Amino acid sequence: MSNLPDGWIQQHDSNYNRPYWVDTRAKPPRAIWWHPYEDDQYLDEHPEARAKNEMHVGSDLDAPPPYDAATGRHTLRSAEKSGPSQRPVADPHTEHKRGVFGRFKDKAIGTKEEREEHRRIRAEQAARAEEEARQARTRQLEEREAYMRAYGGYAPYYPSYPGPPGRAPGLGGDNTAALLLGGLAGGLLLGDIFSGGF
23 MSNLPDGWIQ
33 QHDSNYNRPY
43 WVDTRAKPPR
53 AIWWHPYEDD
63 QYLDEHPEAR
73 AKNEMHVGSD
83 LDAPPPYDAA
93 TGRHTLRSAE
103 KSGPSQRPVA
113 DPHTEHKRGV
123 FGRFKDKAIG
133 TKEEREEHRR
143 IRAEQAARAE
153 EEARQARTRQ
163 LEEREAYMRA
173 YGGYAPYYPS
183 YPGPPGRAPG
193 LGGDNTAALL
203 LGGLAGGLLL
213 GDIFSGGF
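Each residue of the sequence shown is one higher than the last, beginning at 23 in our numbering.
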């Protein structure tokens with residue numbers, strides 16, 4: 023652009039794919055996203071440029087990008103599309119084409135809808151199990167209270183409500199008995215070694 027003030031150069035930012043302007047006389051150099059004749063700071067420092075700019079308004083300067091109130095930024099769309107940004111909305115009734123890896127993922131762990139449905143069903147089952155456990159505990163407390171009223175004193179405590187799912191009843195859970203037997207067998211072997219066996 024040939025109508026730049028002295029000391030200003032125009033550069034191009036490849037990340038944003040748009041031009042910017044640099045004041046090379048400022049220490050340190052100052053870069054802005056709009057033309058210097060649209061910059062309030064430059065126009066305040068150079069009133070003659072403001073007057074010249076007002077005479078040539080709209081001659082060969084591009085309009086600044088429109089302001090998007092929703093995002094609080096200037097959009098890079100053309101001026102005729104100014105206003106709130108319009109993002110394309112996917113039609114839920116059209117099938118989205120999936121790539122090879124997307125299809126593999128769907129086969130392995132199911133589609134997003136299937137996973138959400140599975141989570142919803144699991145949440146319902148957990149809520150139902152929790153409600154049943156709460157009701158069983160309430161019944162047990164009511165039975166104890168009735169026993170105490172009928173016979174006086176405290177009722178014997180026999181927990182009848184189930185523990186967490188997946189735990190085996192017995193000495194604390196999964197394989198406590200096997201651990202105890204393993205410890206006893208190891209002790210017998212060590213005793214035999216120290217007493218002169220083997």
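The C-beta atom is built at its ideal place from N, Cα and C for all residues, glycine as well.
None of the values given here were measured: they were computed from a predicted structure.
So, is residue i buried or exposed, given that buried needs 16 or more other C-beta atoms within 10 angstroms?
i: D214; result: exposed
i: D28; result: exposed
i: Y59; result: buried
i: D45; result: buried
i: H140; result: exposed
Between the C-alpha atoms of residue i and residue j, what's the straight-line distance to the nearest angstrom?
i: I129; j: R142; result: As written in the sequence, residue 129 is Lys, which differs from the Ile given in the question. Answer to the nearest angstrom: the Cα atoms are 20 Å apart.
i: A158; j: G205; result: 38 Å
i: D62; j: E76; result: 13 Å
i: K74; j: D35; result: 28 Å
i: S217; j: L210; result: 11 Å
i: E154; j: G121; result: 44 Å
i: T133; j: Y38; result: 35 Å
i: A207; j: A200; result: 10 Å
i: E165; j: A149; result: 24 Å
The alpha helix (DSSP H) that contains residue i, what's its start and end?
i: V57; result: Going by the sequence as given, residue 57 is His instead of Val. Premise fails: H57 is in no alpha helix (DSSP H) and is neither H nor E.
Pop quiz: residue i and residue j are said to be a contact at Cβ under 8 Å. What is the actual Cβ separation, rounded to whole angstroms?
i: Q53; j: Y42; result: Per the sequence shown, the amino acid found at residue 53 is Ala instead of Gln. That belief holds up - the Cβ atoms of A53 and Y42 are roughly 5 Å apart, short of 8 Å.
i: R137; j: I131; result: 7 Å
At which residues does the beta strand (DSSP E) containing residue i begin and terminate?
i: D35; result: W30 to D35
i: A42; result: In the sequence on display, residue 42 carries Tyr and not Ala. Residues R40 to D45.
From the DSSP output, read off the bridge partner residues of residue i.
i: P52; result: Sequence inspection shows Arg at residue 52; the Pro mentioned does not correspond to that position. For R52, which the question treats as bridged, DSSP gives the partners D45.
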